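Counted from 1, the sequence shown has number 229 at position 28 by our numbering; the numbering is strictly sequential.
The C-beta atom is built at its ideal place from N, Cα and C for all residues, glycine as well.
All values derive from a computational prediction rather than experimental measurement.
These notes concern the structure reproduced below.
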Amino acid sequence: MSLTITDVVLSPLPTENIDIYDQDYCLWVETMMQLLREGKFNQLDIPNLLEELDDMSGSQRDALESNLEIILMHLLKYCHQPQLRSRSWLLTIFEHRHRLRKAFKPSPSLQCYYQEVFPECYQTARKMASIETGLPISDFSGIFPFTPEQVLDIDYLPE
């Protein structure tokens, strides 16, 4: 038996083991939106809604960390291998800075998280740069050679 949005919205959310969330995620999302619009809060699937909201926040934070690590790794390579600098590196730095700045617009609170994870991301980027360049990790300073503000600055490049 397949469920439709009309079937689900017109009847209360099943409380037994008939779980729309596991059967049809898209239908579940549409159902939750419809229930919210109609103010039927007692029919909402609160546990799964909370889980989804938490996952959304976690996804944004994971993306921030990934973008930051890529920028930092490329800035480190840019410093330590000037003979290999390329437009590709510059494009990668620009692209990931742009992604971060774009993420901060609808979610300014991510800037606090950016500051919080900067040290950890820098250490990860050191290891990534060491692996990619073949240089020992000790060649990459344990102290940040760039500030968090410089890393986000579209025009900043270490010289």
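> Under three-state DSSP, which class holds F345?
Replying inline: In the sequence shown, counting from the first residue as 1, residue 345 sits at position 144. Coil.
>> Can you check which of these residues, M234, T334, L265, T325, is closest to L250 by C-alpha distance?
In response: Here residue 250 refers to the residue found at position 49 of the sequence shown. The candidate whose alpha carbon is nearest that of L250 is M234.
> Count the other CB atoms within 10 Å of the CB of Y323; is the residue buried (16 or more) or exposed (fewer)?
Replying inline: Residue 323 sits at position 122 when you count from the first residue of the sequence shown. So Y323 counts as buried.
> Taking the continuous alpha helix (DSSP H) assigned at G259, which residues delimit it?
Replying inline: What you label residue 259 is simply residue 58 of the sequence shown in a count that begins at 1. Element bounds for G259: 247-281.
>> Using a Cβ-Cβ cutoff of less than 7 Å, which residues in the same chain neighbour E239 once the five nearest sequence positions on both sides are dropped?
In response: Within the sequence shown, numbered from 1, the residue matching residue 239 stands at position 38. Within the same chain, E239 has no close Cβ partners at all.
> For P320, which of helix, strand or coil comes out of DSSP?
Replying inline: Taking the first residue of the sequence shown as position 1, residue 320 is located at position 119. In this structure, P320 counts as helix in the three-state DSSP scheme.
>> Here's the rule I'm using: 16 or more other beta-carbon atoms within 10 Å means buried, otherwise exposed. How should I294 be labelled?
In response: Here residue 294 corresponds to residue number 93 of the sequence shown, with the count starting at 1. The residue is buried, with at least 16 neighbouring Cβ atoms inside 10 Å.
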